[in-house]
């Protein structure tokens, strides 16, 4: 038997565990696709929750390009870059 054990922590990452389940016959391709999409959305939601709690993160509206440039330039000047 070659390869990595499915029990290894990295093999539990989104996508890996799903494909392993598919290869073992646990899920069909449609179900694997649905599960990967669901788990990716959940992970992204947890990331956003974590990032929003960080007071040092500066959120910018990407539709306001001149405002972003001014904010970034001001930030760089304060850091003396």
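In UniProt numbering, the protein residues as written are 1 to 81.
Even glycine gets a Cβ: it sits at the ideal position worked out from N, Cα and C.
Nearest neighbour of residue i, chosen from the options [CA to CA]
{"i": "residue 42", "options": "13, 61 and 6", "result": "13"}
{"i": "residue 57", "options": "18, 71 and 6", "result": "71"}
{"i": "residue 16", "options": "2, 36 and 26", "result": "36"}
Whole-number beta carbon distance between residue j and residue i, since they are thought to touch under 8 angstroms
{"i": "residue 60", "j": "residue 68", "result": "5 angstroms"}
{"i": "residue 22", "j": "residue 11", "result": "About 13 angstroms separates the two Cβ atoms, so there is no contact after all."}
| field | Meets three-Cβ-pair contact criterion under 8 angstroms: the stretch 26-39 and the stretch 47-62 | value | no
| query | What are the complete alpha helix (DSSP H) segments, minimum 4 residues, inside the stretch 16-44? | reply | 16-23
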